[in-house]
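Protein chains in written order, with this note's numbering: chain X, 115 to 441; chain P, 115 to 441; chain D, 115 to 441; chain Z, 115 to 441. Here a beta-carbon is modelled for each residue, glycine too, at the ideal position from N, C-alpha and C. Quick caveat: nothing in here was measured; it's all calculated off a predicted structure. Structure first, then comments.
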């Protein structure tokens, strides 16, 4: 339970009808106790295996460090639990294949990956329009994922373990691209660098990176992942089609307030992913619970997890070698 | 339980931590049964008095026709319930005074009026800025409340009983004006007419009306209430101050999607008050419940209800007489 | 030739085809000489009567202090010149009537008043839409004319002679209101005050004033004139109709640049009327010249000048007395 | 004199102080006569060589088919004329080198290339901010150049001779990229296709193409050129820097009118390059004339013409081969 884990816990406890928060697991006993009290949860664990041994737990939400995801997914499924896992599915393609096998083996259980952007109102609205043919065929998918400069310290601190901007940040946009474009990228060229913070160079990473992708159906994809946005948390997505263009979040506005003062006419911006996607985290969990109750399968599958990782790896390879990479 | 009543019920049942939806009351037994089943509520009533006689009910939410509010507020308080009432407090000043007396008599109970806009994220953000002095002293408060033309049939059907656009629609903005300006209007001039729908004329009402108010502290207030907006549900508020201006909802956008097509670059709009203020209804109920639990009093008081009615009445009088009205 | 006079001179000299700048007149001989040299004008005058005695001058552009307009219009017409006069037509209704008589007497000559906003691209575009019935019948005309706070010193210095915010500032919007609504106001209620600068109180004026008007055709009009805008020169106009709404300049943007930085997502604003209406001054002069060459009459007539003054006077009276004024 | 040639002629005749339109040259005698009469030009030619033989012509503006530019530039310079040439400098690098030699040989004459976007108010404003360091170091330059779908017929008709989208359309953005980023691209990957109009495929062209560039200073560049925009003429440019982001034209608005109707809240868009860049064509010509009068050299040099062509050729090569191209 990092910051996002606590948020998931609170959502389940207070905002998801038909779900009950039964247990919490964390190695930090202080935080564990504090959260359990705040959310009126009686069972707490410091050991994942002990938790999933409980019979009165139907489903498990995994928000652990990325390297542990696959193993925990497999264990929880084996214990007969439904499983929701935060992205990424795994840190290597081998891990992903392992997860795929587990999900296939325990096919009676619901497995869902946490690509929460798909559950944002605006993205869902845009997706419905695209699927209804309102913008014709997709020509270009463009996505920016920019973290605020003010969190740069923690980005740097995390850099050694993040896997780099493509694996850590761009995966959401890679997922969205495939979702909107309905095709897979076949080649990618990725560039970038350390424009403000040389620290990332140590890990073959950049503070801002981008890539251009060609999809099998001919569509183009351009992604930017950056860590130095001065204005806030900027998640912007555009789908240009033959009959129309949709832009989601082209102003990363905090709310509906517009300010007119000596700085001009302006909107203040979202500060972080929890502010921007607050409701999406609730909606994805509702979907997970609804799938369990209605014995349905979520749209986000275990295979999406592997595909996204493969594509992110191709981006990373292109970025590191300076060459075009065919996927 | 009209449409809003069902929404309140659902919110309490699924989105308000520390609250339990115990009972529902409606004269329509079909709807009552359907809603009770959907929300897993065991107790249902067709009689308000029977419901408030139940001992295991701590608080009551009143969403009945306006003329019944005062009486039900008084009865519920007398039975020891905390009371949340939808606006208006009453339909006459006498009723409001009666409600005030009841609230004063049962001062140990929480009473709250449903001016939900105060609980909208954007309004709260704006209010905090105003209170922090960021825009200096208020010069002009401007507010538009425009219902979509597509609901005009139901507006016309309701016209005989609505009390007119000032009492029915402008009350939210009158409340906001007093909240932001921190002063009371002392004179008002109101005009308007039937620009598209002569049907409103029968009831001395207009399909669009407006008024200009002077506040005791010198601030100006301009309000527009209309029923013919072709673009959707348009709730826009502006506070011009000596150091800055804040606008809330100057584009009544449905979400963060921007469309570029043969109609230009555009945003689609909110369709109705439930879409626009969905979260506000949750937040105000959270506040009501929190006040009960922490033995606090809400900011929205019974006196706000009376003041708003008096001001709306003054607007109505000016509109009907064509003269300036001192309050 | 104040600042605006020099601009008119430069426009005629360099941007108006079929017009030649023949002479300049100003009592400030230093400025006169400098401008004449810059614009390659051979004739200069310090006396208006001497200038209009010249036979090789076809038309005169009057940009003198307001109190002199009527007299100079009359004299120039009498000398057989076409006349363009800056607003206002006169400072009293008597003066306006005098100007009307002169224009009627010399009806072979072109007379035009400088309501330049009618020649702004955006206003013209909006007007064409309104006239084509695209927004149905007008319900509300709303206009803001806000000068930047940073020019407050000169506003205060000019306060004794400006005639007040309605006569000095709101006249443009009064003209626009009549132009868009195609009706005359029949009653007005005006309020306002000194919210930041008590200096205006000395002259029965305010730093921000507003009024609500009822037009003979039932339309409503709300005008705000202010001198304390922190964000720049804010000229915003809205026409709400039964089928649509048009807003002109709802963001008083300087240009097409959008800035994303620590202040949010923002646009910088126009600084003053010359920046905002630069091209309108050119277009109105083109129209004046074209009317002369084609023996046409401009849409802006001498009667517009008088009506606007009468309405502004009614606003002023309401502001000063606190009462509703019938026009 | 195509459409743009006639515009240049009109601008020089009516909007450029200190310039006189002396002669016109076109092979279409009907149009030649009509334009000459309209603009009061006495001399007309159907032969370029005859025109530049005239002694009373100081400067020549070349708006002929691209393949003729270099030759005409050389000839006009040789006759002692100052030369303004529309883009491109030439259609091959060899032609560009020939032009460079001519410009170097006649170095006493002013030579200027028509990259008019640099003279647009908004671009100039943005450039000043970038140069002043207000957005820090450039990270990403993104540019869209999208022609309206409604001109697709003429795009198709022109496809055989246009040189393709990179040479025909993207050259303006290539110029802007170098101008803003102050570095040269060193590698490029270009993709695209025929998403709506297979006709372009015949010429190894696409109706929408894009490329990702890496600059020598590390900055990234992403360009899109498209011919199928349903909303109008969309020229959008973004410069993301380490301290801020600037966007120019993110809404390709026709003017300051905002419409609220059944399609939502919207702005209508610019229809074509003459509408969007009307004033830029005037400003660039003013600069050309001013350079002549003051014996200055323009910022846009003959070398910019060659560099832009080399880069566009690299884009084209990458697009055609599907491979990364080092420049």
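Residues of chain D with a CB under 7 Å from the CB of residue i: which are they?
| i | result |
| --- | --- |
| residue 378 of chain X | 345, 380, 381, 382 and 383 |
Could you check whether the Cβ of residue i sits closer than 7 Å to any Cβ belonging to chain P?
| i | result |
| --- | --- |
| residue 375 of chain Z | yes |
| residue 128 of chain X | yes |
| residue 236 of chain X | yes |
| residue 432 of chain D | no |
| residue 328 of chain D | yes |
With 16 as the cutoff for other CB atoms within 10 Å, does residue i come out buried or exposed?
| i | result |
| --- | --- |
| residue 370 of chain Z | buried |
| residue 122 of chain Z | buried |
| residue 330 of chain D | exposed |
| residue 147 of chain D | exposed |
| residue 312 of chain P | exposed |
| residue 141 of chain D | exposed |
| residue 117 of chain P | exposed |
| residue 247 of chain P | exposed |
| residue 190 of chain X | buried |
| residue 338 of chain D | buried |
| residue 160 of chain D | exposed |
So with CB distances below 7 Å, who are the chain X contacts of residue i?
| i | result |
| --- | --- |
| residue 362 of chain P | 370 and 371 |
| residue 247 of chain Z | Here the premise fails: no neighbours, minimum Cβ distance about 13 Å. |
Does residue i get closer than 7 Å to chain Z when you measure Cβ to Cβ?
| i | result |
| --- | --- |
| residue 336 of chain X | yes |
| residue 309 of chain X | yes |
Determine which residues share a DSSP beta bridge with residue i and list them.
| i | result |
| --- | --- |
| residue 256 of chain X | X:336 and X:352 |
| residue 318 of chain X | DSSP output for residue 318 of chain X lists no bridge partner at all. |
| residue 115 of chain Z | DSSP, once it has assigned bridges, lists no residue as partnering residue 115 of chain Z. |
| residue 439 of chain P | P:302 |
| residue 323 of chain X | X:306 and X:339 |
| residue 328 of chain Z | Z:301 and Z:334 |
So which residues on chain D does residue i lean against when the C-beta distance must stay under 8 Å?
| i | result |
| --- | --- |
| residue 357 of chain P | 344 |
Note down, in chain order, every chain P residue with its Cβ under 8 Å from the Cβ of residue i.
| i | result |
| --- | --- |
| residue 258 of chain X | Within 8 Å Cβ-Cβ: nothing; residue 258 of chain X doesn't reach chain P, min ~13 Å. |
| residue 288 of chain D | None at all; the shortest Cβ gap to chain P is about 16 Å. |
Could one say the Cβ of residue i lies closer than 7 Å to chain D's Cβ atoms, at least one of them?
| i | result |
| --- | --- |
| residue 299 of chain Z | no |
| residue 427 of chain P | no |
| residue 324 of chain P | yes |
| residue 266 of chain P | no |
Does the beta carbon of residue i come closer than 7 Å to any beta carbon on chain X?
| i | result |
| --- | --- |
| residue 365 of chain D | yes |
| residue 191 of chain Z | no |
| residue 296 of chain Z | no |
Starting from the beta carbon of residue i, find every residue of chain Z whose beta carbon is closer than 8 Å, and list them in chain order.
| i | result |
| --- | --- |
| residue 240 of chain D | 371 |
| residue 131 of chain D | 127 and 128 |
Can you list the residues of chain Z that residue i reaches, using a CB-CB cut of under 9 Å?
| i | result |
| --- | --- |
| residue 340 of chain X | 253, 254 and 354 |
Along chain Z, in chain order, which residues have C-beta atoms closer than 7 Å to that of residue i?
| i | result |
| --- | --- |
| residue 303 of chain X | 303, 326 and 438 |
Would you mind telling me which residues of chain X sit closer than 8 Å to residue i, beta carbon to beta carbon, in chain order?
| i | result |
| --- | --- |
| residue 332 of chain Z | 307 and 309 |
- Query: What are the complete beta strand (DSSP E) segments, minimum 3 residues, inside the stretch 119 to 173 of chain Z?
  - Reply: 137 to 139 and 157 to 159
- Identify every run of the beta strand (DSSP E) within the stretch 360 to 398 of chain Z, keeping only runs that are complete inside it and at least 3 residues long; order them along the chain. Qualifying beta strand (DSSP E) stretches, in chain order: 371 to 375 and 378 to 381.
- Query: Taking the runs of the alpha helix (DSSP H) that are 4 residues or longer, which of them lie wholly in the stretch 170 to 249 of chain P?
  - Reply: Segments of the alpha helix (DSSP H) lying fully in the stretch 170 to 249 of chain P: 183 to 192, 207 to 219 and 235 to 245.
- Message: As an exercise, report each continuous beta strand (DSSP E) stretch of at least 3 residues that is fully enclosed by the stretch 261 to 318 of chain Z, in chain order.
- Response: 299 to 307
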